[in-house]
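2 protein chains.
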Amino acid sequence: MPTIEQARAWYVDSDPVHDFDHVLRVYRMAERLAEAEGADVDIVRAAALLHDAEGATPGHESRADHHHASAEFAAQVLTSEGWDAGRIAAVQHCIRAHRYRGTEKPESLEAKILFDADKLDVLGAIGVARVIGYATLAGTPWYEPPSRQFLETGKEVEGEAHSAYHEHLFKLRKVRERMFTVTARAIAEERLKYLDEFFERLIDEWNGKR
Amino acid sequence: MPTIEQARAWYVDSDPVHDFDHVLRVYRMAERLAEAEGADVDIVRAAALLHDAEGATPGHESRADHHHASAEFAAQVLTSEGWDAGRIAAVQHCIRAHRYRGTEKPESLEAKILFDADKLDVLGAIGVARVIGYATLAGTPWYEPPSRQFLETGKEVEGEAHSAYHEHLFKLRKVRERMFTVTARAIAEERLKYLDEFFERLIDEWNGKR
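Here is the structure:
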């Protein structure tokens, strides 16, 4: 089993929102879900540590392909640790299937758990920090009143910024529906409630009302 | 009285955390405080719109001196609007005295209100967004457990990051004590409670506990 200290070295190139702190949070959450759901904890742990680790492979590809690069890198690491082919394939499936818009869907319980743990990290107080951090880096506002067109279709009108609040409405509010395990859905419900209330308060404060 | 649309043009060079949205929030809050405290609303409004507006003066100085540049710029704008010298001086005092670490302290009720409104913008959900936004831009973590030395003295040990949580403990938790008006202190109390709870939850989630 790779250690956390070994894993840290695989994430040198990461951006501030997909950094090693994200990996550690997913690792701890995946462990918790695996115990609650009765999954193979070691497969889940290895998959969590390796799920975004394309950075260590030379000439790594764009983020769109990163789950393939990470799956290949995982095979190298786990082969050198002496894992058998079946368990390596199980970890690789978790990694390839964890993307929100990926073509390979999670089939095993372990893959469902990695998917859910990764998505929980966009909700709650962490979700607040991530969506605000992204918007700040992109130079888009934290809040701008969404147009009627955006509310109905998810497409901004000419000149309308995709603020952090837009991302909340367009993506974050829908993440829970995509989750697989009962344990993750219960956590997601609480975290989504928190995120909703954050934006309610942000908008009130924005207008000098709270 | 300068309009909000006029004022927007004075803030082209601003950074994402001191942008025109900040000015508008301070404007609305200052207006609310002025009404509650029985202050001269027009002086407060003009001071709020102009308080960070050094950007429009050519060759503007560093942020440390920005309240002087802004006060001079305010005099130009208000003279051209036909304001009398006494009211211009009152606005200038508000602007020069609004800095947390400034040497000129707020004497008038209007200056106390601008100070308080500006400081309220670092608390609550807005405060969350600002402290997270700053940390993200600076490349420092959102959370790192503070050392015992930091908790006792406010100074980090070698290699310790000044995370968003450090800034919360070191600065944001103390802002309320510095405020002048009863109205602002009541709002600050609520907003500080929210900020405290945000970090409590962030730390729990960070450790996979919520």
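Residue numbers (this note's numbering), protein chains in the order written: chain E, 14 to 223; chain G, 14 to 223. Beta carbons: idealized from backbone N, C-alpha and C, even for Gly.
Would you identify the three-state DSSP class for Asp-131 of chain E, choosing helix, strand or coil? helix
Straight-line Cα distance separating Ile-126 of chain G from Arg-38 of chain G: 13 Å
Just tell me which of E:Leu-62, E:Tyr-156 and E:His-80 has its CA closest to the CA of Ile-17 of chain E. E:Leu-62
Hey, is Ala-138 of chain G's beta-carbon within less than 8 Å of any beta-carbon in chain E? yes
Per DSSP, what kind of secondary structure is Tyr-113 of chain G in: helix, strand or coil? coil
Just to confirm, are Ile-56 of chain G and Val-25 of chain G a CB contact at a threshold of 8 Å? no
Three-way DSSP call (helix, strand, coil) for Asp-32 of chain E in this model: coil
Within its chain, find whatever has a CB closer than 8 Å to the CB of Ile-108 of chain E; leave out the 5 residues flanking it on each side and keep chain order. Ala-60, Leu-63, His-64, His-80, Ser-83, Ala-84, Ala-87 and Leu-127
Which residues in chain G have a C-beta closer than 7 Å to the C-beta of Arg-198 of chain E? List them in chain order. Residues of chain G passing the Cβ test: none, with the nearest at roughly 15 Å.
Does the separation of the CB atoms of Leu-91 of chain G and Gly-140 of chain G fall below 8 Å? no
Kindly indicate which three-state DSSP category His-79 of chain E falls into: helix, strand or coil? helix
Same chain, Cβ closer than 6 Å to Leu-205 of chain E, neighbours up to 5 away in sequence not counted: Leu-136 and Arg-189
May I ask which residues mark the beginning and end of the alpha helix (DSSP H) holding Lys-206 of chain G? 195-219
is_contact[Glu-74 of chain G, chain E] using C-beta, thresh 8 Å: Only weak support exists for where Glu-74 of chain G lies, its pLDDT of 49 falling under 50; the value from the coordinates is given anyway. Chain E contact via Cβ: absent.
Heavy atom of the ligand ATP within 7 Å of Leu-37 of chain G beta-carbon: Looking at this structure, you won't find the ligand ATP or any other ligand, since it has none at all.
For Leu-136 of chain E, the three-state DSSP class (helix, strand or coil): coil
Could you tell me if Pro-158 of chain E is buried or exposed, where buried requires 16 or more neighbouring beta carbons within 10 angstroms of its beta carbon? exposed
Those runs of the alpha helix (DSSP H) which lie wholly inside the region 144-200 of chain G and span at least 4 residues: 161-166 and 177-183
The alpha helix (DSSP H) enclosing Ala-55 of chain E, as first and last residue numbers: Note that residue 55 of chain E is Asp in the sequence shown, not Ala. From DSSP, the alpha helix (DSSP H) with Asp-55 of chain E extends over 54-63.
Residue nearest to Ala-20 of chain E in terms of C-alpha spacing, selected from E:Glu-67, E:Gly-221, E:Val-144 and E:Gly-51: E:Glu-67
Would you call the CB atoms of His-175 of chain E and Thr-153 of chain E closer than 8 Å? yes
Along chain G, which residues have their Cβ under 8 Å away from the Cβ of Tyr-207 of chain E? Arg-214
Any beta carbon from chain G within less than 8 Å of Pro-154 of chain E's own beta carbon? yes
I'd like the list of long-range same chain contacts for Glu-120 of chain G, defined as Cβ closer than 8 Å, with 5 residues on each side in sequence excluded. His-106 and Ala-110
If we cut at 8 Å on Cβ distances, does Met-192 of chain E have a partner in chain G? no
Could you check if Glu-202 of chain E is buried or exposed, using at least 16 other CB atoms within 10 Å of its CB as the buried criterion? exposed
State the start and end residues of the unbroken alpha helix (DSSP H) segment that holds Arg-21 of chain E. 17-21
Among residues of its own chain, excluding the 5 on either side of Glu-94 of chain G, which ones have a beta-carbon nearer than 8 Å to its beta-carbon? Met-14 and Pro-15
Test: Val-57 of chain G CB closer than 8 Å to a CB of chain E: no
Distance, Ala-49 of chain G Cα to Arg-58 of chain G Cα: 14 Å
Same chain only: Cβ atoms within 7 Å of Arg-214 of chain G, ignoring 5 sequence neighbours per side: Arg-223
Against Phe-211 of chain G, what residues of chain E qualify as contacts under a CB-to-CB distance less than 7 Å, listed in chain order? Ala-138
Among G:Asp-32, G:Asp-53 and G:Leu-46, which one has its Cα closest to the Cα of Arg-100 of chain G? G:Asp-53
Distance between Asn-220 of chain G and Thr-197 of chain G (C-alpha atoms, nearest Å): According to the sequence as given, residue 197 of chain G is Ala; it is not Thr. Between Ala-197 of chain G and Asn-220 of chain G, the C-alpha separation is close to 35 Å.
Got a sec: is the Cβ-Cβ distance from Trp-219 of chain E to anything in chain G below 8 Å? yes
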